[in-house]
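Residue numbering for the sequence shown follows the working numbering, beginning at 15 and increasing consecutively. A virtual CB, placed ideally from N, CA and C, is assigned to each residue, including glycine. Quick caveat, the model's predicted, so the values are computed rather than measured.
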Amino acid sequence: MVLDEYQALDKQNNDLLLQFLTRVEKQPTFSSMTEKSSFLQLLLKDLKENKETWTEELKTKALSVIRILGRDQAGSDPLFTKEASEYA
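Structure, rendered in structure tokens:
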């Protein structure tokens, strides 16, 4: 499960987080929409809390994952536009 894997990661290890987010960006596999939504909420929270310690590359990757995964089922309307725009 993506959510469980993410929660187990050391949020201060930029390289490990970058590898994980790159994998999720390329092959997002969630067991449910609830897991996907929970993951995105947690990623937004972590982005906010770690904006001083995460590298620019990691913050950019996190925003990319949020942009890609944060769309409704029709694939048109971003669900997290307001939250993610705070970090752009």
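Once you ignore the five residues that flank residue i on each side, which residues in its own chain have a CB closer than 8 Å to its CB?
| i | result |
| --- | --- |
| Gln21 | Leu56 |
| Leu30 | Leu23 and Asp24 |
| Glu19 | Phe34 |
Going by beta-carbon coordinates alone, are residue i and residue j separated by less than 8 Å?
| i | j | result |
| --- | --- | --- |
| Leu83 | Lys50 | yes |
| Leu17 | Ser52 | yes |
| Leu32 | Lys62 | no |
| Gln26 | Thr67 | yes |
Taking the alpha carbon of residue i as the reference point, which residue from the options has its own alpha carbon closest?
| i | options | result |
| --- | --- | --- |
| Glu71 | Met15, Asn28 and Glu19 | Asn28 |
If you drop the 5 nearest sequence neighbours on each side, which residues of the same chain put their C-beta closer than 7 Å to that of residue i?
| i | result |
| --- | --- |
| Leu54 | Ile80, Leu83, Gly84 and Phe94 |
| Lys59 | none |
| Leu38 | First, the amino acid is wrong: residue 38 is Val here, not Leu. Val16 and Val79, listed in sequence order. |
Got a sec? Which residues, its chain only, sit under 6 Å from residue i by beta carbon, not counting five neighbours each side?
| i | result |
| --- | --- |
| Phe44 | Val16 and Lys50 |
Which of helix, strand or coil does DSSP assign to residue i?
| i | result |
| --- | --- |
| Ser90 | With a pLDDT of only 49 at Ser90, under 50, the local geometry of the prediction cannot be trusted, and no value is derived from it. |
- request: Could you name each continuous alpha helix (DSSP H) segment of 4 residues or more that falls completely within the region 21 to 46, going from the start of the chain to the end?
  value: Within the region 21 to 46, complete alpha helix (DSSP H) segments of at least 4 residues are found at 28 to 40, given in chain order.
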